[in-house]
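Undergrad: Handing you a structure now.
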Amino acid sequence: YEIRNCDWSSDVCSSDLNPLMQVLNNLIKNAKEAIEQRRELEGSLTGRVELELSSYGERQFKLTLTDNGIGLLPDQKNSIFQRGVSTKEAGSGFGLHSVATFVSSIEGSIAVESDGVNQGATLILILPVKVN
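Throughout the sequence shown, residue numbering follows the working numbering, covering 54 to 185 in sequence.
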């Protein structure tokens, strides 16, 4: 995994570390599984997960995770954060829901972008700099 544009010693990343690490773990796990799904369809594929962290306004930071996995259909983008909804056969639908619940609980936001099947996906989180 490649982490770019992140100075972990700065105030940009001063969120509560344990929940943030759980969020990152869940997002990276989902990206890896999306890449594996696409690899099953296409055969040879070099998986790519990019994580970018940047300041966003005065009191927030933006965390963007992009993969080149299976991607999403347009109608899936509105439902993947709902409890019990999964795009995977063996998925429980609790991972992204728990991420969205945490993000909401700290007054952040989460969104997903995808150009369609086999086009990968980008998850965009806007989080407060300080989580109490």
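Even for Gly, the Cβ is constructed at its ideal location relative to N, Cα and C.
Computed from a prediction, not measured in an experiment: that's the story for all the values here.
Taking the C-alpha atoms as reference points, what is the distance between M74 and S97?
TA: Using only the alpha carbons, I get a separation of about 30 angstroms.
Undergrad: Just checking, does the stretch 152 to 169 make contact with the stretch 121 to 129 on the three C-beta pairs under 8 angstroms criterion?
TA: Because the criterion of three Cβ pairs below 8 angstroms is met, the stretch 152 to 169 and the stretch 121 to 129 touch.
Undergrad: Tell me whether L176 sits in a helix, a strand or coil according to DSSP, three-state version.
TA: L176 falls in the strand class under three-state DSSP.
Undergrad: Distance check for V182 and V65, CA to CA, integer angstroms please.
TA: Low confidence applies to V65: its pLDDT is 45, below 50, so where it sits in the model is not reliable, and the reading given next is rough at best. Between V65 and V182, the C-alpha separation is close to 6 angstroms.
Undergrad: Which value, in whole angstroms, describes the spacing of the CA atoms of G161 and I81?
TA: Taking the straight line joining both Cα atoms gives about 19 angstroms.
Undergrad: Take the Cβ of R112 as the centre, count every other Cβ of all protein chains shown within 10 Å, and call the residue buried at 16 or more, exposed below.
TA: Looking at its Cβ environment, which holds fewer than 16 other Cβ atoms inside 10 Å, R112 is exposed.
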